[in-house]
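Here the structure is laid out as structure tokens; the discussion comes afterwards.
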Amino acid sequence: MTRLRWTTLGVLVGCVVVLAAAPLATSRTTATPTPPAVKVKNRAFGEILQSTNRLPLYYWQQEKRVGGKIRCTGQCARAWPPLVVKSRSAVRARLAGVKGVFGVVRRPDGRLQVTFRGLPLYAYHDDPPNTVLCDNVDGWFVVRV
Numbered sequence: 001m002t003r004l005r006w007t008t009l010g011v012l013v014g015c016v017v018v019l020a021a022a023p024l025a026t027s028r029t030t031a032t033p034t035p036p037a038v039k040v041k042n043r044a045f046g047e048i049l050q051s052t053n054r055l056p057l058y059y060w061q062q063e064k065r066v067g068g069k070i071r072c073t074g075q076c077a078r079a080w081p082p083l084v085v086k087s088r089s090a091v092r093a094r095l096a097g098v099k100g101v102f103g104v105v106r107r108p109d110g111r112l113q114v115t116f117r118g119l120p121l122y123a124y125h126d127d128p129p130n131t132v133l134c135d136n137v138d139g140w141f142v143v144r145v
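Set out below in structure tokens:
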């Protein structure tokens, strides 16, 4: 295992929080882009963002410090898979009931990554659906809305 993975696993021992998440109502139409995420209520964290396949979304404090520039690549991106889309036009900028705008940034490997409030979004590779494992772990924070 890599140093990053061991560090993350060691910190995880006390940070597992299981969500009682229920997606809030959102409207989808085929004529407009779909939202890249959904808002869910969580007892521990309030309202958070999840991917459409129910994985909590995170941002990394190191990227926040540098204005949203991508720093999570290589091994980091394997542990924290980025939320990617095929085209800019596939992302709706706003989600009902959420303050903040979605966008897209090009990753160093050329893929397009979804951003929220200017920060790239990631999942954690060991998170089961509806479960936050790594809020406030090694600078990673679940996205609260």
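For the sequence shown, the positions run 1 to 145 when this note's numbering is used.
Each residue gets a CB set at the ideal place from its N, CA and C atoms; glycine is no exception.
- When secondary structure is reduced to three states using DSSP, Lys64 falls in the helix class.
- With a minimum length of 4 residues, the unbroken runs of alpha helix (DSSP H) contained wholly in the region 54-105 fall at 61-65, 75-79.
- Distance between Thr34 and Val91, taken at the CA atoms: about 6 Å.
- Within the same chain, Cβ atoms closer than 8 Å to the Cβ of Ala93 are found at Val101, Phe102, Gly103, the five residues on either side in sequence being excluded.
- Asp109 sits exposed, since fewer than 16 C-beta atoms from the chains shown fall within 10 Å of its C-beta.
- When the Cα atoms are used, Asp135 and Val142 turn out to be separated by approximately 5 Å.
- A distance below 7 Å between beta-carbons, with the five flanking residues on each side excluded, links Leu55 to the following residues of its chain, in chain order: Ala123, Asp127, Pro129.
- In its own chain, leaving out the 5 sequence neighbours on each side, no residue places its CB closer than 6 Å to the CB of Lys69.
- Counting along the chain, Val142 sits inside the beta strand (DSSP E) bounded by residues 140-142.
- Gly139 places its beta carbon less than 8 Å from that of Gln62.
- The C-beta separation of Leu112 from Val84 comes to about 6 Å, placing the pair in contact by the 8 Å criterion.
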